[in-house]
Amino acid sequence: MNIRNISTSPFPDQKPGTSGLRKAVTVFQQPHYLENFIQSIFDTIGDFQGQTLILGGDGRYYNRQAIQIILKMAAANGVGRVKVGIGGIMSTPATSCVIRKYNAFGGIILSASHNPGGPEGDFGVKYNTSNGGPAPEKVTAAIFERSKLIDHYKILEAPDVNLDTLSESKLGDMVVEVIDSVQDYEKLMESLFDFERIRELLSSGNFRMCMDSLHAVTGPYAHNLFEQRLGAPRGTVINGTPLEDFGGGHPDPNLVYAHELVKILFGEAAPDFGAASDGDGDRNMILGRKFFVTPSDSLAVITANATLVPGYQDGLAGVARSMPTSQAADRVAADLGIDCYETPTGWKFFGNLLDANKATVCGEESFGTGSNHIREKDGLWAVLFWLNILAVKQKSVEQLLQEHWYKYGRNYYSRHDYEAIDSERANQLLANLYTQIPTLKGKKLGNYEVEYSDDFSYTDPVDGSISENQGIRIGFTDGSRIVYRLSGTGTQGATLRIYLESYEPDTSKQNLEPQQNLADLITIANEVAQVRTFTNMEKPTVIT
Ligand code: G16
């Protein structure tokens with residue numbers, strides 16, 4: 000088998016965003032596009048000769064073709080062994096788990112996460128390092144720099160590998176092992192949670208759950224965990240077969256896109272508990288009967304109840320949340336006497352805190368929660384965490400939240416997205432906000448008084464690296480906040496995100512509809528940023 004050196008020229012747009020390189024499938028299908036980016040990874044990450052690489056994806060359109068290309072490039076570049084998911088499929092959290100378990104030098108995950116799939120949809124490539132976590136900014140920046148200079152890539156001339164049976168074979172000098180990561184992942188979950196107790200709950204006949212895998216990667220993991228191991232009846236997992244186009248849906252676990260689950264949980268004779276996960280399995284949404292748990296509240300509840308779960312019974316070292324995530328977890332951390340870290344958006348920023356044992360659990364408003372068991376957010380982990388808490392407490396999801404708010408106060412929260420707006424207009428909107436930052440302090444906006452306003456900058460407490468321009472914050476004297484930033488995961492134009500949060504300690508006012516509670520802040524947010532003028536849009540495209 001021959002190693003071929005193929006001449007190429009750089010593409011100018013291979014800068015990884017919040018989570019890897021995400022583009023339309025048609026962009027990735029251009030000759031040399033995927034190959035250039037993969038070679039840029041290999042050229043950047045240093046010494047991996049003869050070592051192990053983990054490879055998998057969320058099964059979306061172009062996954063299989065991309066896996067074959069990457070296998071041949073890995074062989075040509077001197078990788079010793081690739082463990083690849085059966086069918087080319089491996090969830091993001093399972094990949095993180097497997098990288099750590101088998102001491103791999105890294106992993107390549109093919110996913111555009113919650114973005115739609117199919118020939119007209121999106122595709123993506125993420126590189127994770129040996130700690131199992133997303134490559135930090137200095138690595139992604141180096142990959143981007145390399146991609147601007149690349150002039151050739153290496154690929155083995157060889158037939159395709161059979162990905163559909165568990166097997167071990169040779170591709171040139173490299174070993175290809177087709178693995179079933181469901182087993183590795185399940186073992187890890189079993190080491191953290193009280194499976195016996197969850198099994199009692201799920202098989203008792205008094206508690207019903209519905210898990211929506213949205214035709215994405217968690218299907219096989221969820222069927223195995225909930226229906227086979229934990230005694231839930233068959234049919235508990237819906238949309239559990241991964242499809243290349245996610246059945247035409249949008250594999251994003253929120254109230255808008257997980258509409259089938261929402262209909263079930265808010266309908267007649269609703270189950271007690273509902274959950275959904277996204278394209279690559281790292282996000283989650285938690286629902287009770289006719290009740291939605293915001294991801295920010297989910298992090299706070301997990302933090303407050305962590306010692307009920309065997310893997311966390313000795314308490315947490317600390318908790319971390321992304322800046323736009325509500326401050327609900329901060330209140331729990333203060334009560335527990337543990338540190339709470341505020342990081343920029345992007346799971347990669349949690350890696351150092353987890354490695355240094357400064358934080359044990361982390362969470363984001365964008366439906367992500369996880370812990371130090373791996374270095375990615377983990378959708379099914381969050382579902383199991385909730386089930387473990389419910390099994391111990393024997394309370395409904397709604398009761399649990401009511402009691403939580405009663406003790407800590409409620410952080411009303413909502414995010415308004417304006418999608419696919421013109422990039423130039425979006426930048427002008429931000430530029431207009433930047434000019435206002437220094438003038439806002441002390442100003443009265445409606446009934447609110449501005450306590451601070453800034454452009455969030457983060458200094459990593461472990462390695463001292465600085466990340467600037469991470470979002471504009473306007474904080475008010477009563478603890479309420481408005482945050483503006485542009486998404487780093489969209490593929491069309493720009494997406495403006497406006498995050499709104501208000502704090503309500505008064506227990507008699509904790510049961511309002513969030514949009515109603517936040518109405519004044521929403522008006523202020525729109526006026527300060529002149530959202531209608533800059534976006535030409537009357538209202539957000541998605542509200543979560
Ligand atoms: C990624 C990141 C998350 C981030 C989310 C949204 O999630 O891993 O940390 O919160 O994108 O980012 P943005 O607001 O920039 O669009 P995922 O699930 O897409 O990999």
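Residues 0 to 543 (numbering that gives the first Met the number 0) make up the sequence shown, in order.
Glycine is no exception: its CB is placed at the ideal position from the N, C-alpha and C atoms.
Are residue i and residue j close, meaning C-beta to C-beta below 8 Å?
i: Glu243; j: Gly116; result: yes
i: Gln64; j: Tyr152; result: no
i: Gly280; j: Ser90; result: yes
i: Glu500; j: Ser297; result: no
i: Lys82; j: Ile53; result: yes
i: Leu162; j: Gly86; result: yes
i: Leu520; j: Ile481; result: yes
i: Ile68; j: Gly56; result: no
i: Lys347; j: Glu136; result: yes
i: Ala257; j: Val236; result: no
i: Val177; j: Leu165; result: yes
i: Tyr61; j: Val26; result: no
i: Thr359; j: Asn283; result: no
i: Pro30; j: Ser146; result: no
i: Ser95; j: Glu375; result: yes
i: Thr17; j: Gly345; result: yes
i: Tyr451; j: Asp477; result: no
i: Val160; j: Gly19; result: no
i: Gly230; j: Arg198; result: yes
Run the proximity test for residue i: is its beta-carbon closer than 7 Å to any non-hydrogen atom belonging to the ligand G16?
i: Trp404; result: no
i: Arg207; result: no
i: Asp277; result: yes
i: Gly171; result: no
i: Ser486; result: yes
i: Trp385; result: no
i: Gly350; result: no
i: Trp380; result: no
i: Asp113; result: Looking at the sequence itself, residue 113 is His, so the reference to Asp does not match. Indeed, a heavy atom of the ligand G16 lies less than 7 Å from the Cβ.
i: Glu500; result: no
i: Arg282; result: yes
i: Thr293; result: no
i: Ser365; result: yes
i: Gly84; result: no
i: Ser90; result: no
i: Thr344; result: yes
i: Thr17; result: yes
i: Ser321; result: yes
i: Arg496; result: yes
Note down, in chain order, each residue of its chain lying with its Cβ closer than 7 Å to the Cβ of residue i, except the 5 sequence neighbours on either side.
i: Ser555; result: Since the displayed the chain opens at 0 and closes at 543, residue 555 lies outside it and no answer follows.
i: Gly492; result: Ala419, Ile420, Asp421 and Ser422
i: Phe265; result: Lys289
i: Thr557; result: No answer is possible for residue 557: the residues shown for the chain start at 0 and end at 543.
i: Phe143; result: Gln13, Lys14 and Pro15
i: Phe291; result: Leu254
Who are the Cβ neighbours of residue i in its own chain at under 6 Å, not counting the five residues just before and after it?
i: Thr293; result: Tyr412
i: Ala93; result: Ser180 and Tyr184
i: Ser466; result: Pro343 and Tyr457
i: Pro15; result: Thr139
i: Ile263; result: Cys209
i: Glu363; result: Ser321 and Thr324
i: Leu444; result: Ile523
i: His249; result: Pro115 and Tyr256
i: Ala74; result: Leu155, Leu170, Gly171 and Met173
i: Leu400; result: none
i: Trp404; result: Gln509
i: Gly106; result: Ile53, Thr94, Ile98 and Asn127
Leaving out five residues before and five after residue i in sequence, what residues of the same chain have Cβ atoms less than 8 Å from its Cβ?
i: Glu402; result: Lys394
i: Glu537; result: Arg531
i: Asp462; result: Asn351
i: Ser6; result: Asp150 and His151
i: Asn223; result: Val181 and Glu185
Any beta strand (DSSP E) of 3 or more consecutive residues that is wholly inside the stretch 466 to 515: 471 to 475, 480 to 485 and 493 to 503
message: Threshold first: 3 residues or longer. Then list the beta strand (DSSP E) segments lying entirely within the stretch 159 to 218, N to C.
response: DSSP runs (the beta strand (DSSP E)) wholly in the stretch 159 to 218: 166 to 170, 173 to 178 and 208 to 211.
- prompt: Hey, which unbroken runs of the alpha helix (DSSP H) at 4 residues or more fall wholly within the stretch 357 to 422?
  reply: Every unbroken stretch of the alpha helix (DSSP H) spanning 4 or more residues and falling wholly within the stretch 357 to 422 is given here in chain order: 378 to 392 and 396 to 407.
task: Only counting runs of 4 or more residues, tell me where the alpha helix (DSSP H) segments fall wholly within the stretch 35 to 107, in order along the chain.
output: 62 to 75 and 91 to 100
- request: Ignoring anything shorter than 4 residues or poking outside the stretch 258 to 302, list the alpha helix (DSSP H) runs there in chain order.
  value: 258 to 264
Inside the stretch 106 to 161 only - alpha helix (DSSP H) runs reaching at least 4 residues: 136 to 146
- prompt: What are the complete beta strand (DSSP E) segments, minimum 3 residues, inside the stretch 423 to 457?
  reply: 447 to 454
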